[in-house]
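Below is one structure, written out as structure tokens, with a few remarks after it.
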Amino acid sequence: MKNKQRGMTLIVSLTLMSLALVLGVSGLQSARVEETAAGSNRSSANAQMAAEFGASQRLTSVKGNSISSLPACSNPPSLGETISVSNAQDSTVGYQHETCRLDNETARITSRGLAGDLNRTIQVVYIDPDSSFLGLSALNFPAQVNPFSAPSSNSFIVEGAVEDSVDSGSLPAISTAGQQSYIESQIGDDRIDNYSGGISNEISESILTDAAKFSEFVESLKVYAADTTANGGAGQQISSISNGTNLGNASAPMITYVTGDASVQGNASGAGILIVDGDYGTSGTPGFDGLIIVLGDTFGITGGGNGGLSGALILAPMEDSEDGEAKQFSDATVSSSGGGNASYSHDAEALSAAFNLLPESLQLFWRDNNQSTNVTPGVASWIETI
55 MKNKQRGMTL
65 IVSLTLMSLA
75 LVLGVSGLQS
85 ARVEETAAGS
95 NRSSANAQMA
105 AEFGASQRLT
115 SVKGNSISSL
125 PACSNPPSLG
135 ETISVSNAQD
145 STVGYQHETC
155 RLDNETARIT
165 SRGLAGDLNR
175 TIQVVYIDPD
185 SSFLGLSALN
195 FPAQVNPFSA
205 PSSNSFIVEG
215 AVEDSVDSGS
225 LPAISTAGQQ
235 SYIESQIGDD
245 RIDNYSGGIS
255 NEISESILTD
265 AAKFSEFVES
275 LKVYAADTTA
285 NGGAGQQISS
295 ISNGTNLGNA
305 SAPMITYVTG
315 DASVQGNASG
325 AGILIVDGDY
335 GTSGTPGFDG
345 LIIVLGDTFG
355 ITGGGNGGLS
365 GALILAPMED
375 SEDGEAKQFS
385 DATVSSSGGG
395 NASYSHDAEA
405 LSAAFNLLPE
415 SLQLFWRDNN
425 QSTNVTPGVA
435 SWIETI
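Converting from the sequence shown to the working numbering requires adding 54 to each position, the first position being numbered 1.
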């Protein structure tokens, strides 16, 4: 009986020892798994921090510089060599990046953080509307307008824009140089609601408050439009506009410089940038996508129907100052008869396409000499990509 008890005791002891050994091995394996997981988490966190550090570094370099000078973006992003990041815990930490332009006011930064075998990727989109035409209202009158004859049609509309990049959430329908009250009085209470965004008492783009700078920009733009070798056929100089004149289209916009007056009639259409040395008028249902610059002292709208403008119009007649040493804006006239269902609307896509027609030198000139009170640069998105 005692031998059986001793045998049972031995069996129990061996069983307990085996169980303890199994638990010990299991605990060791669990500890190793936890340690590996912790190491992996550290590496992942280091990779994430490296990606964010790289994105921040590249964003700093983009701010205050010309987005148009960046290389065009590639898809998928073309990441460069690894840049080391100081990290006391892991000497393998670094990042790769592609900093590029989606268009001339939008930069994309792709930053891939690396730590060991792990990587995390951040993508940032940054918009700088100051460096483009996006701050313009649908109609811009840096010159003093008198008289202003508002279209009489109840269906005629002028629209500002509603965008995230706009401080107040909307752009004015018309920007003026201190003439808000006068323009509103001429429109009348019964039609003021047709001017979405209202009438501004100030010109939002600083370059339009400096006649000398704006004149310098326009004169250079005229030269570029006339030089078909420089513009690659995307520009032209003509004396007038007649039926059938090619003013560009959405898929092939153009810079057109008209050396005299211009009257766009019927169902004519165009896209890009239109510069008119003389007066500019529309009749019928013509349409244009982009930027129109009128240097004559009259902008006229006659007839009815649809049509109008998707983009922006600047009415900016200029003359020499009394001493002849500088340019200054001179008085302008807006005349209308009818208006029909025409609409003049700020269009960001059309204005971006127009700005992209400029040579780099003029893009830089606009950016260096313009600040907009309507729009602010900023990060549009900051996301981790999988």
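We treat Cβ as the ideally placed atom computed from N, Cα and C, and that holds for glycine.
query                                                                                                                           : result
N-terminal and C-terminal residue of the beta strand (DSSP E) that residue 155 is part of                                       : 148–157
Segment contact, 8 Å Cβ cut-off, at least three pairs: the segment 247–265 with the segment 200–217                             : yes
DSSP-derived helix/strand/coil call for residue 389                                                                             : strand
Candidates 228, 305, 280 and 355: closest to residue 198 by CA position                                                         : 228
Cβ contact (3+ pairs, closer than 8 Å) linking the segment 147–156 and the segment 130–139                                      : yes
Cutoff 6 Å; reference residue 315; Cβ partners in own chain excluding five residues on either side                              : 332 and 333
Beta bridge counterpart(s) of residue 405 as assigned by DSSP                                                                   : Paired residue(s): none; residue 405 is not in a bridge.
Cβ contact (3+ pairs, closer than 8 Å) linking the segment 378–392 and the segment 277–285                                      : no
Cut-off 6 Å between Cβ atoms - residues of its own chain near residue 324, not counting five sequence neighbours on either side : 301, 302 and 342
Residue 431 (DSSP reduced to helix, strand or coil)                                                                             : coil
Element boundaries [beta strand (DSSP E), containing residue 237]                                                               : No beta strand (DSSP E) contains residue 237, which is instead part of the alpha helix (DSSP H) from 234–241.
Residue 320 versus residue 355: straight-line alpha-carbon distance, rounded                                                    : 12 Å
Inter-stretch contact (C-beta, 8 Å, three-pair minimum) for the segment 237–248 and the segment 260–269                         : no
Secondary structure of residue 418, DSSP reduced to three states                                                                : helix
Among 200, 292, 395 and 428, the one whose alpha carbon lies nearest that of residue 339                                        : 395
Bridge partners - residue 106, DSSP secondary structure assignment                                                              : DSSP, once it has assigned bridges, lists no residue as partnering residue 106.
Own chain partners of residue 193 with C-beta closer than 8 Å, once the 5 adjacent residues on each side are dropped            : 212, 227, 228, 229, 366, 367, 369 and 398
Nearest residue (CA-CA) to residue 156, options 178, 148, 126 and 182                                                           : 126
Span of the alpha helix (DSSP H) around residue 274                                                                             : 265–280
Buried/exposed call for residue 158, threshold 16 Cβ in 10 Å                                                                    : buried
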